[in-house]
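Trainee:
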Amino acid sequence: MAQFYDLCVRSPFSGGQSSLAEIVKAGEKFGFSGICIVDNFRDLAGLGELKAAVEKARAGTKLDIAIGAEIRVDSVQELKKVVEQVRERVEVLIVSGGDYNINRAACEDSRVDILLHPEAGRIDSGLDETCAEAAQKNSVAMGFSFKELLNSFRKQRAKILESIGTNAQLLEKTKGLGVAVSSASSVWEMREPRQLASVLTALGFELSAALRMVSENPVWILEKNRKVLAGKRITEGVEIVG
Amino acid sequence: MADFPEKTEPRPNRLSPTLRDKKRYLAFYVERGGDVQFMDLLNAIWQGILGFLGELGTAKAGIWILKTTWDEQRRMGLIKCNNTSVEEVRAALSVVNRVGDVPVTVTVVGVSGTIKGAKKKFFGERDLMSFAGTAPVQTAEIEEEEGGEEEEGELF
Chain A
1 MAQFYDLCVR SPFSGGQSSL AEIVKAGEKF GFSGICIVDN FRDLAGLGEL KAAVEKARAG
61 TKLDIAIGAE IRVDSVQELK KVVEQVRERV EVLIVSGGDY NINRAACEDS RVDILLHPEA
121 GRIDSGLDET CAEAAQKNSV AMGFSFKELL NSFRKQRAKI LESIGTNAQL LEKTKGLGVA
181 VSSASSVWEM REPRQLASVL TALGFELSAA LRMVSENPVW ILEKNRKVLA GKRITEGVEI
241 VG
Chain U
243 MADFPEKTEP RPNRLSPTLR DKKRYLAFYV ERGGDVQFMD LLNAIWQGIL GFLGELGTAK
303 AGIWILKTTW DEQRRMGLIK CNNTSVEEVR AALSVVNRVG DVPVTVTVVG VSGTIKGAKK
363 KFFGERDLMS FAGTAPVQTA EIEEEEGGEE EEGELF
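As structure tokens, then:
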């Protein structure tokens, strides 16, 4: 049976409106195998608080709860600095896109797991073929955020859908990795995996490809990072077995 | 002699089955954060669908919300659409997140080809046929208790 993961649910420690217990309950109800609680990275102390809270939440559930960090920066130098600081401490590293230079730097950095909403606040889609090829080469997943759609209306939503459609075409051409996430700040913004996949299907993805974005791809990212953090994965194709 | 009602307006004949769109019924479940009137919910769902698919897309998808199937206790209802538009309707329902000030989520529980099937599968409704399979077993148990082994063979 397929395992479904939502790799971006915002924690109550960084602007989220629901408690961890509520998030876990909603995750179980929607049929997820696991979720990733994401911290808007400010400092290491904030990340420590989240880790302690997640450890407590893990005790009472079968849901696989991962810890992630979302990085929002204004310059490429800052991005590199923060990635260096955080990479060894979280299971999923997400870069919030928008600025072209940051989008491209994220695509070119293999330590980044997901580039989220590269089209945010832009007229264009925020990516070109160079970026998409770099992302494919470095196994950086293109993140489609459902929250951006949910909280936009009419013209703005149409623009976002158009940009996502363009990025979807780039993704298909380069055969890169894609991930669909809710980016929910509260349980009311969380959606079941099948609905996340349906939105992508409506934008032109094959249903099987859309379903991979909520099941196989997130599982692969999480497993890869857990092996790296445990010291079992040296580099691409080199792992310590047993 | 009783008065017969006046002859109703003539209707066109139904399209032949090959020309008719194939229908699907989506059973949806509503999770809500407060009290919501059904008519408000209905409007919110229509707004969500029209907003996401547009007027043309909604027309092509052949969407209709079946008011009479709404179950207040289970908070479930049925939406009719074409068999080719199921994914689009599912996506459109996912963008419904508010009825007035009350947060809501609309989840698709499943898809069926008939209203009867959808009600059986997702609303837990049962008819007499649902009990048909269990009857012989019950008889067998009773007869076994009363008459012993001899009568067991007569059942088959």
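As you go down the protein sequences, you meet chains A and U in turn. Following our numbering, the numbering of the first sequence begins with 1 at its first residue and continues without gaps. Following our numbering, the numbering of the second sequence begins with 243 at its first residue and continues without gaps. Where a beta carbon is used, it is the ideal one built from N, C-alpha and C, also for glycine. This one's a predicted model, so the numbers in the text were calculated from it and none came from an experiment.
Considering Cα atoms alone, identify which of G359/U, G366/U, T349/U is closest to R274/U.
Mentor: For the purposes of this step, residue 274/U is taken as residue 32 along the second sequence, with counting starting at 1. If we check each option's Cα against that of R274/U, T349/U comes out closest.
Trainee: How far does the alpha helix (DSSP H) with R42/A in it reach, from first residue to last?
Mentor: Here residue 42/A refers to the residue found at position 42 when the first sequence is read from its first residue. It is not in any alpha helix (DSSP H) - R42/A carries neither H nor E in the DSSP assignment.
Trainee: Are G97/A and L116/A closer than 8 Å when you measure CB to CB?
Mentor: Within the first sequence, numbered from 1, the residue matching residue 97/A stands at position 97. Within the first sequence, numbered from 1, the residue matching residue 116/A stands at position 116. Cβ distance < 8 Å, so G97/A and L116/A count as in contact.
Trainee: Does the beta carbon of T235/A sit closer than 8 Å to a beta carbon anywhere in chain U?
Mentor: Taking the first sequence and counting its residues from 1, one reaches residue 235/A at position 235. No, because no Cβ of chain U sits closer than 8 Å to the Cβ of T235/A.
Trainee: If you measure between the beta carbons of G165/A and L203/A, is that distance less than 8 Å?
Mentor: For the purposes of this step, residue 165/A is identified with residue 165 of the first sequence, where counting begins at 1. For the purposes of this step, residue 203/A is identified with residue 203 of the first sequence, where counting begins at 1. Yes.
Trainee: Could you check the C-alpha separation between G249/A and R262/U for me, to the nearest Å?
Mentor: There is no way to answer for residue 249/A, as the model of chain A reaches only from 1 to 242.
Trainee: Using the beta-carbon of each residue, which ones in chain A are nearer than 8 Å to R332/U?
Mentor: For the purposes of this step, residue 332/U is taken as the residue at position 90 of the second sequence. In chain order: R194, Q195, S198.
Trainee: Since P193/A contacts G31/A with CB under 8 Å, what's their CB separation in whole angstroms?
Mentor: Your numbering for residue 193/A matches position 193 in the first sequence. Your numbering for residue 31/A matches position 31 in the first sequence. About 7 Å separates the two Cβ atoms, so the contact holds.
Trainee: How would you call V241/A, buried or exposed, if buried means at least 16 neighbouring beta carbons within 10 angstroms?
Mentor: For the purposes of this step, residue 241/A is taken as residue 241 along the first sequence, with counting starting at 1. It counts as exposed.
Trainee: Just checking, does the region 253 to 260 of chain U make contact with the region 42 to 57 of chain A on the three C-beta pairs under 8 Å criterion?
Mentor: Segments in contact, no.
Trainee: Given E297/U, which residues of its chain have a CB within under 7 Å of its CB, disregarding the five upstream and five downstream residues?
Mentor: Within the second sequence, residue 297/U is the residue found at index 55, counting from 1. Nothing meets the Cβ criterion.
Trainee: Going along the chain, which residues of its own chain have a beta-carbon closer than 6 Å to the beta-carbon of S75/A, five neighbours each way excluded?
Mentor: One-based indexing of the first sequence puts residue 75/A at position 75. The answer is none, since no qualifying residue turns up.
Trainee: Please determine, among Y100/A, A21/A, A209/A, R212/A, the residue with the shortest C-alpha to C-alpha distance to E129/A.
Mentor: As a position in the first sequence, residue 129/A is number 129, starting the count at 1. The candidate whose alpha carbon is nearest that of E129/A is Y100/A.
Trainee: Measuring alpha carbon to alpha carbon, tell me which of G178/A, I123/A, E88/A ends up nearest R212/A.
Mentor: Start at 1 with the first residue of the first sequence, and residue 212/A comes out as number 212. Of G178/A, I123/A, E88/A, the residue nearest in Cα terms is G178/A.
Trainee: Taking C-beta to C-beta, are V341/U and L283/U nearer than 8 Å?
Mentor: Position 99 of the second sequence, counted from the first residue, corresponds to residue 341/U. Position 41 of the second sequence, counted from the first residue, corresponds to residue 283/U. In contact: V341/U and L283/U (Cβ atoms closer than 8 Å).
Trainee: Using the Cβ count rule (16 or more neighbours within 10 Å means buried), how would you classify E223/A?
Mentor: Residue mapping note: residue 223/A aligns to position 223 of the first sequence, counting from 1. Counting Cβ neighbours within 10 Å, E223/A comes out exposed, since fewer than 16 surround it.
Trainee: On the three-pair Cβ rule with 8 Å, is the region 349 to 363 of chain U touching the region 286 to 293 of chain U?
Mentor: Result no; under three Cβ-Cβ pairs closer than 8 Å.
Trainee: Check whether chain A comes within 8 Å of G275/U, counting only Cβ atoms and requiring the distance to be less than that.
Mentor: Stepping through the second sequence from its first residue, residue 275/U is reached at position 33. Yes, contact with chain A.
Trainee: Could you give the C-beta distance for A106/A and V140/A, rounded to a whole number, given that I count them as a contact under 8 Å?
Mentor: Taking the first sequence and counting its residues from 1, one reaches residue 106/A at position 106. Taking the first sequence and counting its residues from 1, one reaches residue 140/A at position 140. About 6 Å; that satisfies the 8 Å criterion.
Trainee: Going along chain U in order, which residues have a C-beta closer than 9 Å to the C-beta of T201/A?
Mentor: On the first sequence, position 201 is the one that residue 201/A refers to. Under the 9 Å cutoff, chain U gives E329, E330, R332, A333.
Trainee: Assess, as a yes-or-no matter, whether the region 318 to 332 of chain U is touched by the region 367 to 376 of chain U under the definition of 3 or more beta carbon pairs within less than 8 Å.
Mentor: With a cut-off of 8 Å, the region 318 to 332 of chain U and the region 367 to 376 of chain U do not count as touching, because too few Cβ pairs lie within range.
Trainee: Within a Cβ cutoff of 8 Å, which residues of the same chain sit near I234/A, ignoring the five residues on either side of it in sequence?
Mentor: If you number the first sequence from 1, residue 234/A lands on position 234. Around I234/A: I240.
Trainee: Quick check: what's the CA-CA separation for E385/U versus E28/A?
Mentor: Residue numbering aside, residue 385/U sits at position 143 when the second sequence is read from its first letter. Residue numbering aside, residue 28/A sits at position 28 when the first sequence is read from its first letter. In this predicted model, E385/U has a pLDDT of only 47, less than 50, meaning its place in the structure is not dependable enough to derive any value.
Trainee: Could you have a look at M252/U and say whether DSSP puts it in helix, strand or coil?
Mentor: As a working mapping, residue 252/U is identified with position 10 in the second sequence. Reading off the sequence shown, one finds Pro at residue 252/U, where the question assumed Met. DSSP places P252/U in coil when its eight states are reduced to three.
Trainee: Could you give the distance in angstroms between the alpha-carbon of E70/A and the alpha-carbon of L196/A?
Mentor: Translated into the one-based positions of the first sequence, residue 70/A becomes position 70. Translated into the one-based positions of the first sequence, residue 196/A becomes position 196. For E70/A and L196/A, the distance between alpha carbons rounds to 20 Å.
Trainee: Less than 7 Å between C-beta atoms, sequence neighbours within five positions excluded: which residues of the same chain meet that for E108/A?
Mentor: Position 108 of the first sequence, counting from 1, holds the residue named residue 108/A. Within the same chain, E108/A has close Cβ partners A134, N138.
Trainee: Roughly how far, in whole angstroms, is the beta-carbon of V187/A from the beta-carbon of I23/A, given that I think they are within contact range, below 8 Å?
Mentor: As a first step, residue 187/A must be located in the first sequence, where it is residue number 187. As a first step, residue 23/A must be located in the first sequence, where it is residue number 23. With 8 Å as the limit, V187/A and I23/A qualify as a contact, their Cβ atoms being about 6 Å apart.
Trainee: Can you tell me which of V199/A, M190/A, P12/A, T174/A puts its alpha carbon nearest to the alpha carbon of R157/A?
Mentor: Within the first sequence, numbered from 1, the residue matching residue 157/A stands at position 157. Of V199/A, M190/A, P12/A, T174/A, the residue nearest in Cα terms is V199/A.
Trainee: Alpha carbons only, please: which of M190/A, V83/A, K62/A, R122/A is nearest the one belonging to N40/A?
Mentor: One-based indexing of the first sequence puts residue 40/A at position 40. Cα-wise, what sits closest to N40/A is V83/A.
Trainee: Which residues, taken in chain order from the region 177 to 191 of chain A, show a beta carbon closer than 9 Å to some beta carbon of chain U?
Mentor: Of all residues in the region 177 to 191 of chain A, S186, V187, W188, E189, M190, R191 have a Cβ within less than 9 Å of some Cβ in chain U.
Trainee: Taking 8 Å as the threshold (beta carbon to beta carbon), is V337/U in contact with chain A?
Mentor: Position 95 of the second sequence holds residue 337/U. Yes, V337/U lies at the interface with chain A (some Cβ there is under 8 Å from its Cβ).
Trainee: Would you say L7/A lies against chain U (beta-carbon separation less than 8 Å)?
Mentor: Counting from 1 along the first sequence, the entry for residue 7/A is found at position 7. No, because no Cβ of chain U sits closer than 8 Å to the Cβ of L7/A.
Trainee: Check whether chain A comes within 8 Å of G395/U, counting only Cβ atoms and requiring the distance to be less than that.
Mentor: If you number the second sequence from 1, residue 395/U lands on position 153. In this prediction, G395/U has a pLDDT of 32, which is less than 50 and means its spatial position is unreliable; what the coordinates show is noted afterwards. It does not: the Cβ of G395/U has no partner Cβ on chain A nearer than 8 Å.
Trainee: What residues from the region 340 to 372 of chain U come within 8 Å of chain A, judged by C-beta to C-beta, listed N to C?
Mentor: Per Cβ criterion, the list reads P345, V346, T347, T349, V350.
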